[in-house]
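If you're matching positions, the sequence shown starts at 109 in this note's numbering and goes up one per residue. Don't be surprised by glycine CBs; every beta carbon is placed ideally from N, CA and C. Everything on this sheet refers to the single structure shown next.
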Amino acid sequence: MSPEVLVALVTAVGVILAAVVTALPALRALQRTTAGAVAEQGAVTRDHLAELGRVLNVRIDDVRDDIGGVREDVSRVREWQAGHDAEHLLIGQPPRGDS
């Protein structure tokens, strides 16, 4: 190997090492900043998901209450319908429609 090639290789390795040594503090700072931001965003995401779960549970409870109310209304209508059909049977007129 000629001396010029050897000098060029040593110079190239020196430049690469200098770039790595210079960039390491910046890379470490970037890694710390990124890790902090990811942890922060993870906490915010968990908080938002917990709030979403709470809101959904409240909505599910509301729908259950609504379904219970509809069932009670249907039960009352059926009771009224049975009584109305009985009245028609007592007066001798058959009830119209499906019973």
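Assigned secondary structure, residue 184 (DSSP; H/G/I helix, E/B strand, else coil):
Of the three classes helix, strand and coil, the one that applies to residue 184 here is helix, per DSSP.
Give me, in chain order, the residues of the same chain whose beta-carbon lies closer than 6 Å to that of residue 139; leave out the 5 immediate sequence neighbours on both sides.
Scanning its chain for C-beta atoms nearer than 6 Å, with the 5 sequence neighbours on each side dropped, one finds no residue around residue 139.
Straight-line Cα distance separating residue 174 from residue 151
Cα to Cα, residue 151 sits roughly 35 Å from residue 174.
Helix, strand or coil: which one does DSSP assign to residue 172?
In the displayed model, residue 172 falls within a helix according to three-state DSSP.
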